[in-house]
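2 protein chains.
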Amino acid sequence: MTQAARPARGPGRRPGPTETREAILAEARELFAEKGYDGASLRAIARAAGVDPALVHHFFGNKEGVFIEAMRFPVDPSVLLPQIMSGPRERLGEVMVRTFLGVWGDAARRAPLLAMLRSAMTNEKAAALMREFVTSALFARAGEVAGVPQIRIQAAAGQMIGLMILRYVLRVEPMASASEDELVELVAPALQRYFG
Amino acid sequence: MTQAARPARGPGRRPGPTETREAILAEARELFAEKGYDGASLRAIARAAGVDPALVHHFFGNKEGVFIEAMRFPVDPSVLLPQIMSGPRERLGEVMVRTFLGVWGDAARRAPLLAMLRSAMTNEKAAALMREFVTSALFARAGEVAGVPQIRIQAAAGQMIGLMILRYVLRVEPMASASEDELVELVAPALQRYFG
Chain R
1 MTQAARPARG
11 PGRRPGPTET
21 REAILAEARE
31 LFAEKGYDGA
41 SLRAIARAAG
51 VDPALVHHFF
61 GNKEGVFIEA
71 MRFPVDPSVL
81 LPQIMSGPRE
91 RLGEVMVRTF
101 LGVWGDAARR
111 APLLAMLRSA
121 MTNEKAAALM
131 REFVTSALFA
141 RAGEVAGVPQ
151 IRIQAAAGQM
161 IGLMILRYVL
171 RVEPMASASE
181 DELVELVAPA
191 LQRYFG
Chain P
1 MTQAARPARG
11 PGRRPGPTET
21 REAILAEARE
31 LFAEKGYDGA
41 SLRAIARAAG
51 VDPALVHHFF
61 GNKEGVFIEA
71 MRFPVDPSVL
81 LPQIMSGPRE
91 RLGEVMVRTF
101 LGVWGDAARR
111 APLLAMLRSA
121 MTNEKAAALM
131 REFVTSALFA
141 RAGEVAGVPQ
151 IRIQAAAGQM
161 IGLMILRYVL
171 RVEPMASASE
181 DELVELVAPA
191 LQRYFG
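Residue numbers (UniProt numbering), protein chains in the order written: chain R, 1 to 196; chain P, 1 to 196.
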């Protein structure tokens, strides 16, 4: 696009912070789609957007922060995990059930998750992107913080993901109408078993 | 389409059994998509295909059989459930894990399941269709046979559905490479708890 084609912006006017932020996110989305989560570095995202890496840092903290914003991922693991781990260990299962219900129960937060999952079902690149992100930002870190082997974290996550699909996508009854407390009573012990 | 446009079939020749079968399935797919599983009767499917209901019965047994063929549903619950229930009750969890791995581990059987799930994620009618089928053909019957409340059947199914998504769609490690026996050891006790 030539300068002349941008009527709202005079020649030589520098883009404002909002425009720069959006430009970085647009480039990030492209790079993530092309290179995956592990393959797209913060430096490469900055280069593609024509800005200094320090500015990307300033706006988003780190690559994880860029991803969360660019993909509208409805959960920030660096906030969520400490929150889940803050309670007593014997209530980990309960807190995990309540946390999943909080995120998935909110249609606006559920939508981008379902969009990513849907893409992952058709497209290997989209699957790799989601796999790399959840592996490094969620599972690996959760396993570390909780001192639990990866496969047990994944079994617990699997329990909750499947439950969320039955409750919020297929909406089978009585799962769809069960109260939060009923679900805690039903499922928390199964999760707790994985956290041993 | 006029008779003249069908070069392979002379005027007045009656369609053969394969053509009739395919015509019934095509009409069934349309009716299921439009009316859902509960709303599409075997009689209405026969009427739409211009055949006697007895012929639909002859080809597919019942509505469930029509659905399984029309939607390429990779599992026949009337075969699968007795198989799962045939063993000792304390091994129900193990048999369920092995059964899910058998179906989802086969790419040709996984594909139509994922296609249905993907549609259900975007389209309320597709979600209703899948919900009605799994509720009446799988969950209700499994609950009855096993003498377990619906919500416990669904919690167990949720565990396996989420696990299958992590293993076969996202392919996170080590879940994706774990052996069948490892997964039985990890997950069967959680399922067994639901069947209590």
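We treat Cβ as the ideally placed atom computed from N, Cα and C, and that holds for glycine. Bear in mind that the values here come from a model prediction, so they are computed numbers and not experimental data.
- Query: In the structure shown, what three-state DSSP assignment does methionine 71(R) receive?
  - Reply: Coil at methionine 71(R), not helix or strand.
Practice item. Work out the CA separation of arginine 91(P) and glutamine 192(P) for me, nearest whole Å. Key: Each residue's Cα considered, the two are about 8 Å apart.
Leaving out five residues on either side along the sequence, give the residues of the same chain with a beta carbon under 6 Å from the beta carbon of valine 148(P).
Here the set comprises Phe195.
- Test: valine 134(P) CB closer than 8 Å to a CB of chain R: Chain R, which has a Cβ nearer than 8 Å to the Cβ of valine 134(P), makes this yes.
Return helix, strand or coil for alanine 107(R), following the three-state DSSP convention.
-> If DSSP states are grouped into helix, strand and coil, alanine 107(R) belongs with the helices.
(request) Determine contact between the region 158 to 170 of chain R and the region 159 to 170 of chain P, defined as no fewer than three beta-carbon pairs at a distance below 8 Å. (result) The region 158 to 170 of chain R vs the region 159 to 170 of chain P: in contact.
Quiz item: Since proline 142(P) meets chain R, which of its residues come closer than 7 Å, beta carbon to beta carbon?
Solution: According to the sequence displayed, residue 142(P) carries alanine and not proline. By Cβ distance, chain R contributes nothing, its closest Cβ being about 12 Å from alanine 142(P), past 7 Å.
Applying the 10 Å Cβ sphere with the 16-neighbour rule, what's the burial state of glutamate 27(R)? Using a 10 angstroms sphere on the CB of glutamate 27(R), the tally of other CB atoms reaches 16 or more, which defines it as buried.
Note to self: Just to check my reading of the structure: leucine 81(R) and alanine 142(R) have Cβ atoms closer than 8 Å, yes? What is that Cβ distance to the nearest angstrom?
What the structure shows: Contact holds; Cβ gap of about 6 Å.
query: Of the residues Glu22(P), Ala146(P), Ala128(P), which one's Cα is nearest the Cα of residue 200(R)?
result: This structure gives no information on residue 200(R), because the portion of chain R shown stretches from 1 to 196.
key: Euclidean distance between Cα positions of valine 97(P) and valine 184(P)   = Put simply, the backbone Cα of valine 97(P) is about 6 Å away from that of valine 184(P).
Could you name the residues of chain P that valine 172(R) contacts, counting a contact when the two beta carbons are closer than 7 Å?
-> For a Cβ distance threshold of 7 Å, residue set Arg131, Val134, Thr135, Phe139, Gln154 of chain P lies close to valine 172(R), ordered along the chain.
Isoleucine 165(R): first and last residue of the uninterrupted alpha helix (DSSP H) it sits in:
Per DSSP, isoleucine 165(R) belongs to no alpha helix (DSSP H) and is neither H nor E.
- request: Note down, in chain order, each residue of its chain lying with its Cβ closer than 7 Å to the Cβ of tyrosine 168(P), except the 5 sequence neighbours on either side.
  value: Cβ neighbours of tyrosine 168(P) beyond the five flanking positions: Trp104, Arg110.
#### Entry: Own chain partners of phenylalanine 133(P) with C-beta closer than 7 Å, once the 5 adjacent residues on each side are dropped
Tyr37, Phe67.
(message) Applying the 10 Å Cβ sphere with the 16-neighbour rule, what's the burial state of aspartate 181(R)?
(response) So aspartate 181(R) ends up on the exposed side.
message: Looking at the secondary structure, which residues open and close the alpha helix (DSSP H) in which alanine 49(P) lies?
response: Alanine 49(P) -> alpha helix (DSSP H) spans 42 to 49.
According to DSSP, simplified to helix, strand and coil, what is valine 148(P)? Valine 148(P): coil per DSSP, three-state reduction.
TODO: Report yes or no: is there a C-beta of chain R within less than 8 Å of the C-beta of threonine 2(P)?
DONE: At threonine 2(P), the pLDDT of 42 sits below 50, so the modelled position is not reliable and the matter cannot be decided from this model.
Review point. Is glycine 61(R) helix, strand or coil by DSSP?
Key: Secondary structure at glycine 61(R): coil, using DSSP grouped into helix, strand and coil.
Requested in this report: Using a Cβ-Cβ cut-off of 8 Å, state whether proline 112(R) counts as contacting chain P.
Outcome: Cβ-Cβ to chain P under 8 Å: no for proline 112(R).
CB leucine 170(R) to CB methionine 85(P), shorter than 8 Å?
No.
Quick one: give me the first and last residue of the alpha helix (DSSP H) that leucine 191(P) is part of.
-> For leucine 191(P), the uninterrupted alpha helix (DSSP H) run begins and ends at 180 to 195, by DSSP.
- Message: Going by C-alpha to C-alpha distance, which of Arg21(P), Ser179(P), Leu42(P) sits closest to asparagine 62(P)?
- Response: Ranking the options by Cα distance to asparagine 62(P), first place goes to Leu42(P).
Taking the C-alpha atoms as reference points, what is the distance between threonine 18(R) and alanine 70(R)?
If you take the alpha carbons of threonine 18(R) and alanine 70(R), they lie about 14 Å apart.
- Task: Give a yes or no on whether the minimum CB-CB distance between glycine 196(R) and chain P is below 8 Å.
- Result: So, not an interface residue.
**Report entry** Coil, strand or helix - arginine 91(P) by DSSP
**Finding:** Arginine 91(P) falls in the helix class under three-state DSSP.
Going by Cα to Cα distance, which pick from Ile165(P), Phe32(P), Ala23(P), Gly39(P) is closest to leucine 117(R)? Considering only alpha carbons, the answer is Ile165(P).
(Q) I need the DSSP call for proline 174(P), collapsed to helix, strand or coil. (A) In the three-state DSSP reduction, proline 174(P) falls in the coil class, being neither helix nor strand.
* Asked: Using Cβ-Cβ distances below 9 Å, what residues of the region 178 to 191 of chain P are close to chain R?
  -> Answer set for the region 178 to 191 of chain P: Ala178, Glu182, Leu183, Leu186, Val187, Pro189, Ala190, Leu191.
Next on the checklist: Assuming the contact rule is C-beta atoms closer than 8 Å, valine 95(P) and glycine 102(P) should be a hit. Round their C-beta distance to whole Å, please.
Outcome noted: Rounded, the Cβ-Cβ distance is 10 Å, inconsistent with contact.
Practice item. Would you kindly work out how many angstroms separate the C-alpha atoms of histidine 57(R) and alanine 46(R), rounded to a whole number? Key: C-alpha separation (whole angstroms): 9 Å.
Report the neighbours of isoleucine 165(P) on chain R: residues whose CB is nearer than 9 Å to its CB, in chain order. Simply Leu117, Ala120, Met121, Gly158, Ile161, Gly162, Ile165.
Practice problem: Could you name the residues of the same chain whose beta carbon sits closer than 8 Å to that of glutamine 150(R), not counting the 5 residues immediately before and after it, in chain order? | Solution: The beta carbon of glutamine 150(R) sits closer than 8 Å to those of Phe139, Ala140, Gly143, all from its chain and outside the five residues before and after it, given in chain order.
Original post:
Between the beta-carbon of glycine 93(P) and the beta-carbon of alanine 188(P), is there less than 8 Å?
Top reply: In this structure, alanine 188(P) lies closer than 8 Å to glycine 93(P) by Cβ.
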